């Protein structure tokens, strides 16, 4: 029982990363119809940035948690303006290729400067111990990551559901053309939304620094799983992305623990689930079929 | 108020509108009548700035709309009621109504909208796509009234409505017309059209082939219905 709870908790923690990344990817896709392949690279930059802030400038974790997402959000907005936007009128494939290329460039730039070896990043001193839940203890830092991600997801959900900006984003996501015809300058919101999605990837990156190996390729494998998560949840569906993120985190953790005899089954389970969902509901579990306009 | 001159529109190789000219004055209701595929909806979309393949002149209040994007046109006072009703599934009824900014001198208050359409008030917290077809039709019309649009571009606002609601929509259109709002209406229901409109343009293969007054439409109703295939 205790082992099961342990695995479940671990699954929720890795699900937290998937949810934050899928959320950003989904918000960006909804508004821009761009599948941002570079999302994993921005996550990596978040972790590398956190590491560099500490080693180069002595800026600790808590400041990084504030500064890195803001800086990456600004960088994301610059990328949208200069690179993504000029391709927006073309086939979406062009922007997919662009962000794929951007991934390679960002990874190699980091590699060039810092190599490929992983750098350790200490757990923030306030969160080094464990939290006693009675039957079992969990590392305090992981409890923090899970709580923080849940709060962040709820906050994004609230923003989208209860503010005017959120309403515009929902409307533009669902029917961009109609929304323009109703007097909303959809284009004005595209850049901030892209930056916001990237900032979320940055948050995930900062959170990852103390518990995952920080290296240029840390986002490369993860982004593939995140794509599967977003497809399962339904592209553009906020709730779907978050739910599928945590769900897939659990499936992976249980798979690694209970199917350790069959590692191939555990490793491919995410993609088998994705294929099954696509056959059953092509728009994803919580996605909607594309409206005509 | 609205002046369309020499408007051509196309989808790829296929021409949809050929040299269309028409005007709508404030307080005037003009209908576009024609078979499916005659180009009626495309004309409304072109006026709204939503149809990429077009040339010709569309001006509003004497201002050439040129290549002005759709949201700027809406802000000048154009209100589009799309043929598929344009209800947002991810927005509640109230959000559907309050999404567009107020653009005209006399936007309806939410209270006035709900007073006029009590059913929308009852369903105000539902997702808009959970409304019945008729209710969604009401919502789309109510939305442009709340914007205070000065020119309504209505694409078959009575389609699928129960007769009682058709009467209701006619009342509302007459009411806004009497307050100086202009309406360009795509309509297949000739009884409804003659009840609210001043002039009727018959569209065929992308051209305005005839312009009829109400009495002419009534006189030739049988012939027109046969032609329209209704």
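Chains as they are written, first to last, in this note's numbering: chain V, -2 to 290; chain Z, 24 to 253. Just so you know, even glycine gets a beta-carbon here, dropped at the ideal spot from N, CA and C. Quick caveat, the model's predicted, so the values are computed rather than measured.
Counting other Cβ atoms within 10 Å of its Cβ, residue 79 of chain V stays below 16 and is therefore classed as exposed. Ranked by Cα distance from residue 124 of chain Z, the options V:150, V:246, V:164 and V:157 are led by V:164. At a cut-off of 4 residues, the continuous stretches assigned as alpha helix (DSSP H) that sit fully inside the region 81 to 148 of chain V are 89 to 111.
Boundaries of the alpha helix (DSSP H) around residue 134 of chain Z: 133 to 139. The beta-carbon separation of residue 228 of chain V and residue 275 of chain V, rounded to 7 Å, stays under the 8 Å limit for a contact.
The beta carbon of residue 136 of chain V is closer than 7 Å to those of 127 in its chain, skipping five residues each way along the sequence. Against chain V, the CB of residue 109 of chain Z has a partner CB under 8 Å away; the residue lies at that interface. A distance of 8 Å or more separates the beta carbons of residue 199 of chain Z and residue 67 of chain Z. Chain V has a Cβ within less than 8 Å of the Cβ of residue 118 of chain Z. Between residue 249 of chain V and residue 226 of chain V, the CB-CB gap reaches or exceeds 8 Å. Within the region 158 to 174 of chain V, contact with chain Z at the beta-carbon level (separation under 8 Å) is assigned to 164, 165, 167, 168, 170, 171, 172 and 174.
The DSSP assignment places 260 to 277 as complete runs of the alpha helix (DSSP H) inside the region 244 to 279 of chain V, in order along the chain (cut-off: 4 residues). Taking residue 140 of chain Z as reference, the option from Z:102, Z:119, Z:174 and Z:191 with the minimal CA-CA separation is Z:191.
By the Cβ criterion, the region 68 to 78 of chain Z is not in contact with the region 119 to 133 of chain V, since fewer than three pairs of Cβ atoms, one from each stretch, lie closer than 8 Å.
In summary, residue 125 of chain V is exposed, with fewer than 16 beta-carbon neighbours lying within 10 Å of its beta-carbon over all protein chains present. One Cα belongs to residue 169 of chain V, the other to residue 245 of chain Z, and the distance between them is close to 44 Å. As DSSP reads the structure, residue 58 of chain V sits in no beta bridge. In this structure, residue 93 of chain Z and residue 226 of chain Z do not form a Cβ contact; the two beta carbons are roughly 22 Å apart against a cut-off of 8 Å. Residue 74 of chain Z carries a coil assignment under DSSP once its states are collapsed to helix, strand and coil.
Proximity of chain Z to residue 182 of chain V at the Cβ level (cut-off 7 Å) is accounted for by 94, in chain order. From the beta-carbon of residue 61 of chain Z, no residue of chain V is found nearer than 9 Å; the closest lies around 20 Å away.
Under the 8 Å criterion on CB atoms, residue 177 of chain V is classed as interfacial with respect to chain Z. Counting the other CB atoms within 10 Å of its CB gives residue 224 of chain V a total of 16 or more, which places it among the buried residues. For chain Z, none of the residues of the region 135 to 161 of chain V brings a beta carbon within less than 7 Å of one of its beta carbons.
Excluding residues up to 5 positions away in sequence, 189, 192, 212 and 215 lie with their Cβ nearer than 6 Å to the Cβ of residue 181 of chain Z in the same chain.
Close partners of residue 103 of chain Z in chain V (Cβ separation under 9 Å): 175, 178 and 179. With respect to the C-alpha of residue 104 of chain Z, the residue from V:175, V:123, V:117 and V:60 having the closest C-alpha is V:175. Inter-residue distance for residue 162 of chain V and residue 0 of chain V is about 44 Å (C-alpha atoms, whole angstroms). Within the region 151 to 239 of chain Z, complete beta strand (DSSP E) segments of at least 3 residues are found at 174 to 178, 205 to 209, 222 to 227 and 230 to 236, given in chain order.
Residue pairing of residue 103 of chain Z in beta bridges, as defined by DSSP: Z:176. Residue 106 of chain V is not a Cβ neighbour of residue 196 of chain V, given a cutoff of 8 Å. Residue 240 of chain V and residue 117 of chain Z have their C-alpha atoms roughly 27 Å apart.
With a cutoff of 8 Å on beta-carbon distance, residue 45 of chain Z and residue 224 of chain Z are scored as near each other. For the alpha helix (DSSP H) assignment, the uninterrupted runs of no fewer than 4 residues enclosed by the region 175 to 242 of chain V are, from N- to C-terminal side, 183 to 205 and 215 to 230. The beta carbon of residue 271 of chain V sits closer than 8 Å to the beta carbons of 225, 228 and 229 from its chain, once the five residues preceding and following it are set aside; these are given in chain order. Listed as beta-bridge partners of residue 87 of chain Z by DSSP are Z:82.
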